[in-house]
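Residue numbers for the sequence shown follow the UniProt record's numbering, so the first one is 1 and each next one is one higher.
Where is the CB? At the ideal position from N, CA and C, for every residue including glycine.
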Amino acid sequence: MTLPLAEPVIDTHFILREGDKLLFSQRGGPYGYGRWHMPSGKLDRGEPLSVGAARELQEETGVTVDPEHLRLVHIVHHKQSDTVERIGFFFEATQWSGEPVNKEPEKCLGLEWFSVHELPKDIIEYPKEGLLGYLQEAGTLAEHGWK
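This is the structure we're talking about:
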């Protein structure tokens, strides 16, 4: 018997860093309401990964980044449920322009900078895997939610 091919959602997550400060977004939608994660978004069909990542960052925060200034720092293969898989690509923006602002208030309660030494207590588990992989330099791949 041949199993169907995986159809994962492709997510892009962004690490904006100023010294020891990282930018976080507080969720305002039903998934993870009130909890923290880095700005993130979904890749559109037919879109190159780096271009989609740069687009999502601009749509969410107003920050403009050239796709060439996104450095892939971690990947998380996340099992969300029995029917939904996600692959999250975590990028560090090495150069950008603009000041981050909340461009999606219907989805985001706010943006805030946190020290890498005092991260928010309530980070959503899936993006936390990618963040810790980046901060701890723990290789390039994590698998989350699989038994």
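Here the C-alpha atom of aspartate 66 lies approximately 45 Å from the C-alpha atom of methionine 1.
Secondary structure of serine 81 (DSSP, three-state): coil. The beta carbons of leucine 111 and phenylalanine 91 sit no closer together than 8 Å.
Residue pairing by DSSP places tryptophan 36 opposite Gln26, Ile123 in a beta bridge.
For the set Gln95, Ala54, Gly32, the Cα lying nearest the Cα of histidine 13 is the one of Ala54.
Here the alpha carbons of glycine 32 and glycine 145 stand approximately 16 Å from one another. For leucine 111, the uninterrupted beta strand (DSSP E) segment begins and ends at 108 to 115. Between glutamine 80 and the set Pro8, Pro4, Leu23, the nearest pair of CA atoms involves Pro8.
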